[in-house]
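*Asks:* This is the structure I want to talk about, given as structure tokens.
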Amino acid sequence: MTLSNLRVVALQQSFIGIAAMGTAVLIISGNIDLSIGSIFGLCAVAAAMLAREFAAPIAILAAVVLGGLLGWFNGLLVWRIKISPIIVTLGSMAVLRGVVLLATGGFGVRGVPKEFKSFCQIELVGVAMPVFILISLALVAHLMLSQTTLGRHLYAIGGSRDTSQAVGIQVRRIVLGTFALNGLIVGLAGVLAASRLGSANAEIGVGYELNIITSVILGGVAFSGGEGNVLGVMLAVALLGIIDSGMVALGVDPHWTDIFKGGALILAVVLDQLTIEQQQRRRTRLAMKERE
Amino acid sequence: MQNQQTALVRLVDITKYFGGVRALHSVSLELYAGEITCLVGDNGAGKTTLVKILNGLHQPDLGEVWLGNTLVRHNSPQKSRQLGVETVHQHLSLCDNLGAAANVTLGQEPTRFRLGPLGFIGFRQSQSIARQRINDVGIELSDLDVPVRTLSGGQRQAIAIARATVHGHRLIMFDEPTAALGIAQTRATLELVRRVADQGMAVILISHNLDDIFAVADRIVALRLGEVSLDETLGSTNREKVVACMSGLSFTKEANSD
Numbered sequence: 552m553t554l555s556n557l558r559v560v561a562l563q564q565s566f567i568g569i570a571a572m573g574t575a576v577l578i579i580s581g582n583i584d585l586s587i588g589s590i591f592g593l594c595a596v597a598a599a600m601l602a603r604e605f606a607a608p609i610a611i612l613a614a615v616v617l618g619g620l621l622g623w624f625n626g627l628l629v630w631r632i633k634i635s636p637i638i639v640t641l642g643s644m645a646v647l648r649g650v651v652l653l654a655t656g657g658f659g660v661r662g663v664p665k666e667f668k669s670f671c672q673i674e675l676v677g678v679a680m681p682v683f684i685l686i687s688l689a690l691v692a693h694l695m696l697s698q699t700t701l702g703r704h705l706y707a708i709g710g711s712r713d714t715s716q717a718v719g720i721q722v723r724r725i726v727l728g729t730f731a732l733n734g735l736i737v738g739l740a741g742v743l744a745a746s747r748l749g750s751a752n753a754e755i756g757v758g759y760e761l762n763i764i765t766s767v768i769l770g771g772v773a774f775s776g777g778e779g780n781v782l783g784v785m786l787a788v789a790l791l792g793i794i795d796s797g798m799v800a801l802g803v804d805p806h807w808t809d810i811f812k813g814g815a816l817i818l819a820v821v822l823d824q825l826t827i828e829q830q831q832r833r834r835t836r837l838a839m840k841e842r843e
Numbered sequence: 075m076q077n078q079q080t081a082l083v084r085l086v087d088i089t090k091y092f093g094g095v096r097a098l099h100s101v102s103l104e105l106y107a108g109e110i111t112c113l114v115g116d117n118g119a120g121k122t123t124l125v126k127i128l129n130g131l132h133q134p135d136l137g138e139v140w141l142g143n144t145l146v147r148h149n150s151p152q153k154s155r156q157l158g159v160e161t162v163h164q165h166l167s168l169c170d171n172l173g174a175a176a177n178v179t180l181g182q183e184p185t186r187f188r189l190g191p192l193g194f195i196g197f198r199q200s201q202s203i204a205r206q207r208i209n210d211v212g213i214e215l216s217d218l219d220v221p222v223r224t225l226s227g228g229q230r231q232a233i234a235i236a237r238a239t240v241h242g243h244r245l246i247m248f249d250e251p252t253a254a255l256g257i258a259q260t261r262a263t264l265e266l267v268r269r270v271a272d273q274g275m276a277v278i279l280i281s282h283n284l285d286d287i288f289a290v291a292d293r294i295v296a297l298r299l300g301e302v303s304l305d306e307t308l309g310s311t312n313r314e315k316v317v318a319c320m321s322g323l324s325f326t327k328e329a330n331s332d
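Order-wise, the sequence lines are chains A and B. Residues in the first sequence are numbered consecutively from 552, following the working numbering. Residues in the second sequence are numbered consecutively from 75, following the working numbering.
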């Protein structure tokens, strides 16, 4: 694989990678938002439509803020409705995709000015804008998770929400904030993807929840929360990108892609389960020893 | 002797209703430094309500809660924690995915510096606080970063108690700490409870096990139907009396005539 190949893969995967940063933090805190593909799409479409009326920076900013609001609203629903966040956000996934279809009439957004596209073409220190944002976000997320009290509390909430509440952590504030942050970051990813294409269509982001969540779980974040780190997620994002382009390079039927990705996800979860079971056995042994 | 000191915690005529149900009626209680008060009572007697009033989760409808010289109005979990009240719960005490040091300092992490809303954890300080607290309750742990889910029940119990002592300087309440433990672990836990009291704190221990209670209590308080039915030092009471006051049934003539 050559350097220029690598740059192409990096750019292609940067949108999923950016979104995965937000979702990784959310899953570490023991939550999930399945509507990320729809938020991605809605923010992409919103940015393109707004760019027809306003200057590109305003359109981009407004669409990103919209993503944050959508995420926050999902968080409110999940907090208030005491059933699995999977079900609640499955609902918002459908609703938001419906909004995208209504807004676009099922077609692409036409007549987006050129300057909207140029935002994504800016290069910073020799890398494309989305790749630069991905790397910066990964650094910030890594520092936040591993060094700060907020990061510690996110792991704690993912480990045991009740314990966190009992020791006085502001669980509600942190969980709602995490949902909002996830929406914001996923929205940013969608906006960047639209900017790269110069526009957006009704199908943008469809199925991305699978790609994003696969990257996060494959990267070692426990779906039950409380475990995982940014480095693992970044490696998974890179791996999935290389599988994608590698299969194209090898001339494999592209229809195999989903089978590989889904298989990778199942494999990751199985390995995770086996580790947990092993730890359980270890603990049983210890407890038995102590009782003797 | 203890009556000459001022009480660390004083409840005066606490009454609490839940809808039409009377949970506590005119309960008064004084707790002293270094004293282990065992709270006993049948299910629904009001033990849990009393604990929740002390740690700020419930407000009494009538009566006063004094923490030292402070009359606590509009109590909240944050406020009671600030005033040095901590609870060790039977189940929701630890985050299994975090290490011992993280668990002991959870919610009270020392920070090196702050950057806007983000506080950067002082890991070394956190380790030394945790190490000291864990040693104080008499347990040796070599690695404070390994997830506590891999530790034994006794070690986990010690970590939960160590955490309570980080900010609990007035009152520590133990909610059935020995309910799920074997004989050796129960004895070790009761020793931990004694060690906490010896550090100069008031201790409430809720237990259903009379053996535990008579092994460790300085004072026994029985609740029955929301009222205090017994409040005596260990020396001046016996099992029959305690059981009689808990259940309202008299097993001996002695208990009856008391």
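For every residue, glycine included, the Cβ atom is placed at its ideal position computed from N, Cα and C.
Roughly how many angstroms lie between the CA atoms of Gln824(A) and Arg244(B), to the nearest whole one?
*Replies:* If you number the first sequence from 1, residue 824(A) lands on position 273. If you number the second sequence from 1, residue 244(B) lands on position 170. Going from the Cα of Gln824(A) to the Cα of Arg244(B) covers about 43 angstroms.
*Asks:* How would you label Gly807(A), buried or exposed, when you count the other beta carbons within 10 angstroms and need 16 or more for buried?
*Replies:* By 1-based counting over the first sequence, the position of residue 807(A) is 256. In the sequence as presented, Gly is not what sits at residue 807(A); that position holds Trp. Exposed.
*Asks:* Given that a residue counts as buried once 16 or more other Cβ atoms are within 10 Å of its Cβ, and exposed if not, what is Met600(A)?
*Replies:* As a first step, residue 600(A) is located in the first sequence; it is residue number 49 there, counting from the start. Buried, since its Cβ has 16 or more Cβ neighbours within 10 Å.
*Asks:* With a 10 Å radius around its C-beta and 16 neighbouring C-beta atoms as the bar for buried, classify Glu104(B) as buried or exposed.
*Replies:* The residue given as residue 104(B) occupies position 30 in the second sequence. Buried, by the Cβ-count rule.
*Asks:* In whole angstroms, what separates the C-alpha of Leu124(B) from that of Ile110(B)?
*Replies:* In the second sequence, counting from the first residue as 1, residue 124(B) sits at position 50. In the second sequence, counting from the first residue as 1, residue 110(B) sits at position 36. The straight-line gap from Cα to Cα measures roughly 16 angstroms.
*Asks:* How far does the alpha helix (DSSP H) with Ile684(A) in it extend, from its first residue to its last?
*Replies:* By 1-based counting over the first sequence, the position of residue 684(A) is 133. It spans Met680 to Gln698 - the alpha helix (DSSP H) in which Ile684(A) sits, taken as one unbroken run.
*Asks:* Taking all protein chains shown into account, do 16 or more other C-beta atoms lie within 10 angstroms of the C-beta of Asp286(B), making it buried, or fewer, making it exposed?
*Replies:* Translated into the one-based positions of the second sequence, residue 286(B) becomes position 212. Within 10 angstroms of the beta-carbon of Asp286(B) lie 16 or more other beta-carbons, which makes it buried.
*Asks:* May I have the straight-line CA-CA distance separating Cys717(A) from Gly749(A), to the nearest angstrom?
*Replies:* Translated into positions along the first sequence, residue 717(A) becomes position 166. Translated into positions along the first sequence, residue 749(A) becomes position 198. The question names Cys, but residue 717(A) in the sequence shown is Ala. Note on geometry: alpha-carbon atoms of Ala717(A) and Gly749(A) lie some 49 angstroms from one another.
*Asks:* Whether or not the region 765 to 773 of chain A and the region 610 to 619 of chain A are in contact is what I'm after, with contact meaning three or more pairs of Cβ atoms, one per stretch, closer than 8 angstroms; do they touch?
*Replies:* no
*Asks:* Under the rule that 16 or more other beta-carbon atoms within 10 Å means buried, what is Thr640(A), buried or exposed?
*Replies:* On the first sequence, position 89 is the one that residue 640(A) refers to. Answer is buried; the Cβ neighbour count reaches 16.
*Asks:* Less than 8 angstroms between the beta carbons of Gly659(A) and Arg603(A), yes or no?
*Replies:* Locating residue 659(A) in the first sequence gives position 108, where the first residue counts as 1. Locating residue 603(A) in the first sequence gives position 52, where the first residue counts as 1. Not closer than 8 angstroms, so no.
*Asks:* Using the three-state DSSP reduction, which class does Glu138(B) fall into: helix, strand or coil?
*Replies:* Along the second sequence, one-based indexing puts residue 138(B) at 64. Reduced to three states, the DSSP call for Glu138(B) is strand.
*Asks:* Within a Cβ cutoff of 8 angstroms, which residues of the same chain sit near Met798(A), ignoring the five residues on either side of it in sequence?
*Replies:* In the first sequence, counting from the first residue as 1, residue 798(A) sits at position 247. Cβ neighbours of Met798(A) beyond the five flanking positions: Pro805, Trp807, Thr808 and Phe811.
*Asks:* Would you mind sorting Gly656(A) into buried or exposed? The rule is 16 or more other CB atoms within 10 Å of its CB.
*Replies:* Working through the first sequence from its first residue, we reach residue 656(A) at position 105. Exposed.
*Asks:* Identify the contact partners of Ile793(A) in chain B, using a Cβ-Cβ distance below 9 angstroms as the criterion.
*Replies:* Position 242 of the first sequence, counted from the first residue, corresponds to residue 793(A). Ordered by position in chain B, no residue passes the 9 angstroms Cβ test against Ile793(A), which lies about 30 angstroms from the chain.
*Asks:* When you compare each of Val114(B), Gln152(B), Leu308(B) and Pro134(B) to Ile88(B) by their alpha carbons, which one comes out closest?
*Replies:* Against the second sequence, residue 88(B) aligns to sequence position 14. Answer by Cα proximity: Pro134(B).
*Asks:* Of all the options Gly181(B), Asp249(B), Gln206(B) and Ile233(B), which has the alpha carbon lying nearest to the alpha carbon of Arg712(A)?
*Replies:* Walking along the first sequence from the start, residue 712(A) turns up at place 161. Measuring from the Cα of Arg712(A), the nearest candidate turns out to be Gly181(B).
*Asks:* What did DSSP end up calling Lys315(B) once you bin it into helix, strand or coil?
*Replies:* Position 241 of the second sequence, counted from the first residue, corresponds to residue 315(B). Looking at Lys315(B) - three-state DSSP - the assignment turns out to be helix.
*Asks:* Report the residue from Leu816(A), Met680(A), Ala773(A) and Met644(A) whose alpha carbon sits nearest the alpha carbon of Asn582(A).
*Replies:* Your numbering for residue 582(A) matches position 31 in the first sequence. Comparing Cα-Cα distances from Asn582(A) to each of Leu816(A), Met680(A), Ala773(A) and Met644(A), the minimum goes to Ala773(A).
*Asks:* With a 10 Å radius around its C-beta and 16 neighbouring C-beta atoms as the bar for buried, classify Ile203(B) as buried or exposed.
*Replies:* Residue numbering aside, residue 203(B) sits at position 129 when the second sequence is read from its first letter. Counting Cβ neighbours within 10 Å, Ile203(B) comes out buried, since at least 16 surround it.
*Asks:* Could you give the residue range of the alpha helix (DSSP H) that holds His241(B)?
*Replies:* Taking the second sequence and counting its residues from 1, one reaches residue 241(B) at position 167. Per DSSP, His241(B) belongs to the alpha helix (DSSP H) from Gly227 to His241.
*Asks:* Can you name the residues that DSSP bridges to Leu157(B)?
*Replies:* Here the question's residue 157(B) lines up with position 83 in the second sequence. Its beta-bridge partners do not exist; DSSP assigns none.
*Asks:* Kindly give me the distance between the Cβ atoms of Leu241(B) and Arg186(B), rounded to whole angstroms, as I take these residues to be in contact under 8 angstroms.
*Replies:* Taking the second sequence and counting its residues from 1, the one referred to as residue 241(B) is at position 167. Taking the second sequence and counting its residues from 1, the one referred to as residue 186(B) is at position 112. Note that residue 241(B) is His in the sequence shown, not Leu. In this structure His241(B) does not touch Arg186(B) by the C-beta definition: roughly 20 angstroms separates them, more than the 8 angstroms allowed.
*Asks:* Quick one: list the residues of chain B neighbouring Met695(A), beta-carbon separation under 9 angstroms, in chain order.
*Replies:* Looking up residue 695(A) in the first sequence gives position 144. Among the residues of chain B, those whose CB is under 9 angstroms from the CB of Met695(A) are Leu192, following chain order.
*Asks:* If I measure Cβ to Cβ from Gly734(A) and keep anything under 6 angstroms in the same chain, skipping five residues before and after, which residues do I get?
*Replies:* The sequence position of residue 734(A) within the first sequence is 183, counting from 1. In the same chain as Gly734(A), and ignoring 5 residues on each side of it, the C-beta atoms closer than 6 angstroms to its own belong to Ile590, Gly618, Gly619, Leu621 and Gly622, in chain order.
*Asks:* Which residues of chain A have a Cβ atom closer than 9 angstroms to the Cβ of Arg155(B), listed in chain order?
*Replies:* Residue 155(B) sits at position 81 when you count from the first residue of the second sequence. The answer, in chain order, is Val718 and Gly719.
*Asks:* Could you name the residues of chain A that Thr51(B) contacts, counting a contact when the two beta carbons are closer than 8 angstroms?
*Replies:* Because chain B spans 75 through 332 in this model, residue 51(B) falls outside it and cannot be assessed.
*Asks:* Count the other CB atoms, across all protein chains shown, that sit within 10 Å of the CB of Met320(B); report buried if there are 16 or more and exposed otherwise.
*Replies:* For the purposes of this step, residue 320(B) is taken as the residue at position 246 of the second sequence. Around the C-beta of Met320(B), 16 or more other C-beta atoms lie within 10 Å, and the residue is accordingly described as buried.
*Asks:* Give me the DSSP bridge partner(s) of Lys90(B).
*Replies:* As a working note, residue 90(B) is residue 16 in the second sequence. DSSP output for Lys90(B) lists Leu98(B) as bridge partner(s).
*Asks:* Measuring straight from C-alpha to C-alpha, what distance separates Gly649(A) and Gly94(B)?
*Replies:* Start at 1 with the first residue of the first sequence, and residue 649(A) comes out as number 98. Start at 1 with the first residue of the second sequence, and residue 94(B) comes out as number 20. About 49 angstroms.
*Asks:* Output, in sequence order along the chain, the residues in the region 135 to 166 of chain B whose CB is closer than 7 angstroms to any CB in chain A.
*Replies:* Pro151, Gln152, Arg155, His163 and Leu166
*Asks:* Assuming Gln201(B) and Leu225(B) are in contact, meaning their beta carbons sit under 8 angstroms apart, how far apart are those beta carbons, in whole angstroms?
*Replies:* Stepping through the second sequence from its first residue, residue 201(B) is reached at position 127. Stepping through the second sequence from its first residue, residue 225(B) is reached at position 151. Contact flag wrong, Cβ pair sits at about 16 angstroms.
*Asks:* Would you kindly check if the distance between the Cβ of Ile213(B) and the Cβ of Gln229(B) is under 8 angstroms?
*Replies:* The count along the second sequence starts at 1 and reaches residue 229(B) at position 155. The count along the second sequence starts at 1 and reaches residue 213(B) at position 139. In this structure, Gln229(B) lies near Ile213(B), with their beta-carbon atoms less than 8 angstroms apart.
*Asks:* Using a Cβ-Cβ distance under 8 angstroms, would Ser711(A) count as near chain B?
*Replies:* For the purposes of this step, residue 711(A) is taken as residue 160 along the first sequence, with counting starting at 1. Closer than 8 angstroms: yes.
*Asks:* Ile736(A): buried (16+ other C-beta within 10 angstroms of its C-beta) or exposed?
*Replies:* Here residue 736(A) is taken as the residue at index 185 of the first sequence, counted from 1. With 16 or more other Cβ atoms within 10 Å, it is buried.
*Asks:* Are the C-beta atoms of Leu705(A) and some chain B residue less than 8 angstroms apart?
*Replies:* Translated into positions along the first sequence, residue 705(A) becomes position 154. So no, Leu705(A) is outside the interface.
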